[in-house]
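Since the structure comes first, as structure tokens, the remarks are kept for the end.
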Amino acid sequence: MDFIATASFGLEGLVKRELNRLGIDAKAENGGARFSAFPADAFRANLFLRTADRVLLIAGEGKTVTFEELFQLTYQIPWENYLPKTARFPVSGKCARSQLMSVRDCQAIVKKAIVERLKNKYKTQWFEESGPEYPIDVSLHGDAARLTLDTSGAALNKRGYRTWTGEAPLRETLAAALVMLSPWRQDQPLWDPCCGTGTLLIEAAFLRAHRAPGLTRAFACEKWPIFPKEQMALVRQEAQALFDPGRIGEISGSDIDPAALELCRRHIRQAGLEGRIKVSRRDLRDLTLDAAPFFLMNPPYGERLSDRKACESLYREIRALYDRHPQCGLGVLTAHTGFERCFGRRAAQKRRLYNGRLECEFLIY
């Protein structure tokens with residue numbers, strides 16, 4: 005079957021490399037990485053991918069410039085191979101630069117075409133939709149339409165450990181990407197001096213401990229008859245066997261906000277990492293460490309004018325922290341276009357990423 009592991013802009017190549025490391029040949033494209041695989045491999049991708057948003061089964065693709073063409077494209081797909089008679093199949097949609105700009109109409113047409121196809125195949129006029137859910141998405145980009153089944157269910161950033169996001173949440177998939185894109189070495193201490201609710205720290209610990217990010221959550225495809233239950237159970241057992249908390253090493257963080265630290269400790273506990281990650285209330289301006297860690301952080305961006313001066317002052321303090329630790333490395337995610345000016349030095353490396361819809365740069369010193 006054909007699948008696409010969707011990803012935020014700038015992370016497609018990283019997802020491709022993750023799939024390759026899982027033994028799955030993949031090709032990066034806009035919006036993700038595409039691959040052909042057996043269902044058990046798609047389940048493996050759901051379980052192990054750190055930076056992808058979802059794993060979608062591609063049911064059909066084609067050119068559509070009219071609603072009739074969209075209906076016919078949908079009707080020709082052998083939905084009976086995927087959907088049992090009792091399936092629930094909600095349809096979502098999105099359009100970009102398409103002549104068919106009414107998302108609601110596209111969803112209705114796709115739903116109608118699937119129902120008409122299944123009526124003929126199952127010889128019935130009514131579907132109760134009382135069984136497992138098969139989320140269907142119709143995506144139109146220009147004249148190209150793609151119809152997919154969402155094997156993930158909840159988005160893959162929903163690891164299960166984060167129950168509250170705080171004021172400025174960093175998505176788990178992006179946090180994992182920052183860890184993987186940074187030059188942090190596995191034998192080097194890691195410190196986040198603006199740790200907030202702990203997402204960067206937890207994702208770094210997961211990576212070092214070989215902990216599959218989806219280890220404790222369920223996926224939509226696990227209830228689908230076309231996905232092999234025994235093989236998926238073996239993949240979960242493999243993931244559990246790989247998890248080794250003893251590999252985590254020195255991963256620590258600090259923050260000046262006691263409420264954020266309370267949430268951070270709760271999330272560490274819910275991630276099963278209590279005692280493995282150390283966090284403390286410390287002012288970044290007074291932070292001096294004996295070791296030479298890699299500092300990885302997502303400081304405030306100062307999106308509101310009222311916050312901008314405070315953030316720019318913080319960036320100068322980050323430079324002072326960096327200067328107090330001449331052997332350290334530093335990785336900073338920021339949406340502030342003047343970060344380098346405030347820091348007083350150009351980054352050695354830059355990478356454009358998105359935190360939600362907010363364009364950011366990941367700067368390496």
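Going by my numbering, the final residue of the sequence shown carries number 369, and the count climbs one at a time with no gaps.
Every residue, glycine too, gets a C-beta built ideally from N, C-alpha and C.
Endpoints, the alpha helix (DSSP H) within which residue i is located
i, result
"I118", "V107 to Y126"
"N24", "E16 to R25"
"T78", "F71 to Y79"
"P176", "The question names Pro, but residue 176 in the sequence shown is Glu. Looking at the DSSP string, the run of the alpha helix (DSSP H) that includes E176 is E176 to L185."
"F343", "F343 to F347"
Residue i to residue j span [Cα, whole Å]
i, j, result
"K157", "T220", "The amino acid at residue 157 is misidentified as Lys; the sequence shows Gly. Approximately 14 angstroms between the Cα atoms of the pair."
"R175", "T128", "44 angstroms"
"G335", "L367", "6 angstroms"
"S186", "C364", "15 angstroms"
"R215", "F247", "5 angstroms"
"G146", "E33", "16 angstroms"
"S12", "G36", "7 angstroms"
"Q103", "K116", "20 angstroms"
"Y165", "L211", "15 angstroms"
"G342", "L18", "27 angstroms"
"L178", "F52", "15 angstroms"
"H340", "L267", "26 angstroms"
"F39", "N50", "13 angstroms"
"A91", "L15", "33 angstroms"
"Y319", "F347", "6 angstroms"
"R285", "L265", "7 angstroms"
"Q111", "W130", "19 angstroms"
"Y126", "S106", "30 angstroms"
"W83", "L122", "7 angstroms"
"C315", "G202", "20 angstroms"
"R349", "A224", "47 angstroms"
"A351", "G253", "28 angstroms"
"E133", "K282", "48 angstroms"
"W188", "D294", "18 angstroms"
"D6", "A243", "24 angstroms"
"A324", "R289", "8 angstroms"
"L3", "L337", "Nothing in the structure corresponds to residue 3, since the chain is present only between 5 and 369."
"E120", "L87", "13 angstroms"
"L403", "Q235", "Residue 403 cannot be examined here, being either before or after the span of the chain that is shown, 5 to 369."
Per DSSP, the bridge partner or partners of residue i
i, result
"W195", "S256 and F299"
"D141", "S96 and T152"
"L205", "For L205, which the question treats as bridged, DSSP gives no partner whatsoever."
"G66", "A149"
"L265", "Bridge partners of L265: none, in fact."
"V59", "A9"
"S4", "The question about residue 4 has no answer here: the residues shown for the chain are numbered 5 through 369."
"K31", "R38"
Span of the beta strand (DSSP E) around residue i
i, result
"I368", "L362 to I368"
"R285", "K282 to R285"
"L337", "G333 to T338"
"Q353", "Q353 to N359"
Min CB distance residue i to chain B below 7 angstroms
i, result
"A49", "Looking at the structure shown, chain B is missing, and only one protein chain is on hand."
**Prompt:** Can you list, in chain order, the stretches of the alpha helix (DSSP H) that have 4 or more residues and sit fully within the region 208 to 253?
**Reply:** Runs of the alpha helix (DSSP H) spanning 4 or more residues and lying entirely within the region 208 to 253 occur at 233 to 246, in chain order.
**Request:** Evaluate the contact criterion for the region 95 to 114 versus the region 55 to 66: three or more CB pairs, one atom per stretch, below 8 angstroms.
**Result:** Contact between the region 95 to 114 and the region 55 to 66 is absent: fewer than 3 CB-CB pairs across the two stretches fall below 8 angstroms.
**Item:** Contact the region 320 to 330 vs the region 350 to 363: 3+ CB pairs below 8 angstroms
**Value:** Result no; under three Cβ-Cβ pairs closer than 8 angstroms.
**Prompt:** Below 8 angstroms, can you find three or more Cβ-Cβ pairs linking the region 193 to 200 to the region 24 to 32?
**Reply:** Under the three-pair Cβ rule at 8 angstroms, the region 193 to 200 does not count as touching the region 24 to 32.
**Request:** Would you be able to state if there are at least three C-beta pairs under 8 angstroms between the region 178 to 194 and the region 299 to 308?
**Result:** Under the Cβ criterion (8 angstroms, minimum of three pairs), the region 299 to 308 counts as touching the region 178 to 194.
**Prompt:** Is there contact between the region 68 to 75 and the region 253 to 260, where contact requires at least three CB pairs shorter than 8 angstroms?
**Reply:** No, they do not touch.
**Prompt:** Would you say the region 72 to 88 touches the region 45 to 59, given that touching needs at least three Cβ pairs under 8 angstroms?
**Reply:** Result no; under three Cβ-Cβ pairs closer than 8 angstroms.
**Message:** Quick check: the region 238 to 252 against the region 133 to 140, are at least 3 beta-carbon pairs closer than 8 angstroms?
**Reply:** Counting Cβ pairs under 8 angstroms, fewer than three are found: no touch.
**Message:** With three or more C-beta pairs closer than 8 angstroms as the rule, is the region 223 to 236 touching the region 268 to 284?
**Reply:** No, because fewer than three Cβ pairs between the region 268 to 284 and the region 223 to 236 fall closer than 8 angstroms, the two stretches do not touch.
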